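In the numbering used here, the protein residues as written are 16 to 575.
Backbone N, C-alpha and C define an ideal beta-carbon position, used for all residues, glycine too.
Just so we're clear, the structure is a prediction, and the values are computed from it rather than from any experiment.
1) Does the beta-carbon distance from residue 551 to residue 335 come in below 8 Å?
2) Around the C-beta of residue 186, are 16 or more other C-beta atoms found within 10 angstroms, so that it is buried, or is it exposed?
3) What do you get for residue 559, buried or exposed, if any count of 16 or more other CB atoms within 10 angstroms of its CB means buried?
4) For residue 247, count neighbouring Cβ atoms within 10 angstroms of its own Cβ and tell me buried if that reaches 16, exposed if not.
5) Can you grab the Cα-Cα spacing for the pair residue 292 / residue 300, in whole Å?
6) Buried or exposed: residue 494, going by 16 or more other Cβ atoms within 10 Å of its Cβ?
7) Name the one or two DSSP bridge partners that residue 286 has.
8) Please work out which residues of its chain come closer than 6 Å, Cβ to Cβ, to residue 399, disregarding the five sequence neighbours upstream and downstream, and give them in chain order.
9) Considering only the beta carbon of each residue, do residue 211 and residue 128 sit closer than 8 Å?
10) What residue from 417, 424, 391 and 384 has the CA that sits closest to residue 403's CA?
11) Does the structure place the stretch 357-375 close enough to the stretch 519-533 that three or more beta carbon pairs sit under 8 Å?
12) Whose C-alpha, out of 394, 465 and 392, is nearest the C-alpha of residue 377?
13) For residue 434 and residue 393, what's the separation of their Cα atoms in angstroms?
14) Suppose you measure from the CA of residue 345 to the CA of residue 265; what does that come to, to the nearest Å?
15) For the pair the stretch 243-260 and the stretch 217-229, tell me if three or more CB-CB distances fall below 8 Å.
16) On a Cα-Cα basis, can you pick out the residue from 509, 229, 385 and 218 that is closest to residue 207?
17) Among the residues of its own chain, which have a CB less than 7 Å from the CB of residue 315, if the five just before and after it don't count?
18) Name the two residues that bound the continuous alpha helix (DSSP H) containing residue 379.
19) Is residue 427 near residue 540, with beta carbons less than 8 Å apart?
20) Leaving aside the five residues before and after residue 492 along the sequence, list all residues of the same chain whose C-beta is less than 6 Å from its C-beta, in chain order.
21) Pick from 193, 131 and 356: whose alpha carbon is nearest that of residue 214?
22) Mind checking residue 298: buried by the 16 CB within 10 Å criterion, or exposed?
23) Buried or exposed: which applies to residue 565, given that a residue is buried once 16 or more other Cβ atoms fall within 10 Å of its Cβ?
24) Going residue by residue through the stretch 213-259, where are the continuous beta strand (DSSP E) segments of at least 3 residues, counting only ones entirely within it?
25) Three or more C-beta pairs under 8 Å: does that hold for the stretch 354-362 against the stretch 498-514?
26) With which residues is residue 486 paired in a DSSP beta bridge?
27) I'd like the list of long-range same chain contacts for residue 362, defined as Cβ closer than 6 Å, with 5 residues on each side in sequence excluded.
28) Which value, in whole angstroms, describes the spacing of the CA atoms of residue 390 and residue 443?
29) So, helix, strand or coil for residue 143, using DSSP?
30) Below 8 Å on the Cβ atoms is my contact criterion, and I expect residue 236 with residue 288 to pass it. Report the Cβ-Cβ distance as a whole number of Å.
31) Could you pull out every residue in the same chain whose Cβ sits closer than 8 Å to the Cβ of residue 184, ignoring the five residues on either side in sequence?
32) Under three-state DSSP, which class holds residue 348?
33) Applying the criterion that 16 or more other CB atoms from any shown protein chain within 10 Å of the CB defines a buried residue, is residue 219 buried or exposed?
34) With DSSP collapsed to three states, give me the class of residue 318.
Here's what the structure looks like:
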């Protein structure tokens, strides 16, 4: 689940262009040395794998790049009883589509049966697994594609792409993307990524592990992204202008929450979405729209891959975005880290805040030019206000500290409903595509002082269809204003927050022509809704941080 300001707990993570809660850049200012526990730490570079392309599939050949002395055998999981007839895993995985029969061999029966005991122990330990604390009722194999079958001239190493539905009580099944390496032995640096040895099925006797952590398999995935085409149900797309420098050393970012990201040298960042839904992910959709419109405020996508649902024709295929490769931003600075440094010194960050406001307005203008904009009528605003009021009631029922403010806060949503009904004067309200999860951690300042916004995925905990809906741009503004409050409260510097909130709004107004401070009904409603969400989250996960949103709620309860 997405955590509000989760990365803001006093540590300075790496930054990269893309990924939940912003990108991460190493202290080396964009240069990414191989970590000491890498399988090949001495060189920091991975020799490119020779490739043979057959029917659109890039398959490495040649000997393993690691010596056998560095490999470790992982203990086997306890044996499990075979699944009963008709249970998940008792039938073959989906066969490859007729259009590509030679690309993806049909994965043998028993794949899911061999994966199930491994997934039950491994999935709940992953940070991106959304169903923590709930039992797993079962699994369903939604898709399996061998990007590199084990065996043959390339040795015993294999790479398997899996989409698996996880069923848990009280919630719809979630579909997760897994990239699994397969090898009889693992190097010591990869043991921590192991699911365990497969017992039975097509990978019997091989240890399965999280493939993005293996530089060889991460390099293979980059090579596959370079070549547009189909591999079974997977479709790889590359922008025509993309240039791929040779020998880009891959490494997995350790700061991800909802996804997995692999940084390739100082050129690219690949975000692998873990919990996926049918449809185009807004991180691809919006970043691509901005880049193609010529916006300088985005790390443009250069390649991506999707899963296509089988159907009678192309029109029936609903793509599921699985991964996006974007330009890496070397030498960038984290907006959150810059703000914290300014707060600590009681410094003047107003010029940067104003520039960030201008960048936000430019992104909104570019999105409005590239994608549809619509006026929000009275009924739409009333429904929006009702949803906000419902979230307030649910939070007040759960968080006792919110209850003293609930009645006064409800007036913010009542005013929004009146605005929709036309009984309260105000500006016309429009809805368009927006960032959807904007805060200081989603902004990078480049070496020349330019701001770039990243991670247009929206809130991963929300359904994809909801994240793709149009919304008033002031929703993004409210998110950024709340982020300035979070930064200031780390040092108890309320005046700093007020100064920089104003500077941000001034910068936004200079480009958009609309000052958020002149839309008090909208900005109060959206900021209140955001602070209510924060209060519920902090009460559940970080009670020590609850005073931050409570302070905002106290202020918003008295502002009319």
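The answer reads as follows:
1) It is not a contact, given that the beta carbons lie outside the stated cut-off.
2) Exposed.
3) It is exposed - the Cβ of residue 559 has fewer than 16 other Cβ atoms within 10 Å.
4) Buried.
5) Spanning the two alpha carbons is a distance of roughly 14 Å.
6) Buried.
7) Its beta-bridge partners are 276 and 339.
8) Leaving aside the five residues that flank residue 399 on each side, none in its chain has a CB nearer than 6 Å to its CB.
9) Cβ distance not < 8 Å, so residue 211 and residue 128 don't count as in contact.
10) Residue 424 holds the alpha-carbon nearest to the alpha-carbon of residue 403 among 417, 424, 391 and 384.
11) Taking 8 Å as the limit for Cβ pairs, the verdict is that the stretch 357-375 does touch the stretch 519-533.
12) It is 465 whose Cα lies nearest to the Cα of residue 377.
13) Linking residue 434 to residue 393 through their CA atoms gives a straight-line distance of about 7 Å.
14) Roughly 15 Å separates the two Cα atoms.
15) The stretch 243-260 makes no contact with the stretch 217-229; the number of CB pairs closer than 8 Å stays below 3.
16) Of all alpha-carbon atoms in 509, 229, 385 and 218, the one lying nearest the alpha-carbon of residue 207 is that of 229.
17) Excluding sequence neighbours, residue 315 sits near 302, 306, 341 and 342.
18) If you look at residue 379, you'll find it in the alpha helix (DSSP H) that goes 365-385.
19) Closer than 8 Å, so yes.
20) Cβ-Cβ distances below 6 Å link residue 492 to 531 in the same chain, with the five nearest sequence neighbours on each side left out; the list follows chain order.
21) Residue 214 has its Cα closest to that of 131, out of 193, 131 and 356.
22) Per the 10 Å Cβ criterion, buried.
23) Flag for residue 565 reads buried.
24) Counting only runs of 3 or more, we get 222-225, 244-246 and 249-253.
25) Touching, yes.
26) Its beta-bridge partners are 447.
27) Correct list: empty, nothing qualifies.
28) Going by the C-alpha atoms only, they are around 8 Å apart.
29) The answer is coil: DSSP assigns residue 143 none of H, G, I, E or B.
30) 14 Å between Cβ atoms; not a contact.
31) Setting aside the 5 residues that flank it on each side, residue 184 is surrounded in the same chain by 149, 150 and 152, each with a C-beta closer than 8 Å to its C-beta; the list follows chain order.
32) In this structure, residue 348 counts as strand in the three-state DSSP scheme.
33) Burial call: exposed.
34) In the three-state scheme derived from DSSP, where H, G and I count as helix and E and B as strand, residue 318 is classed as strand.
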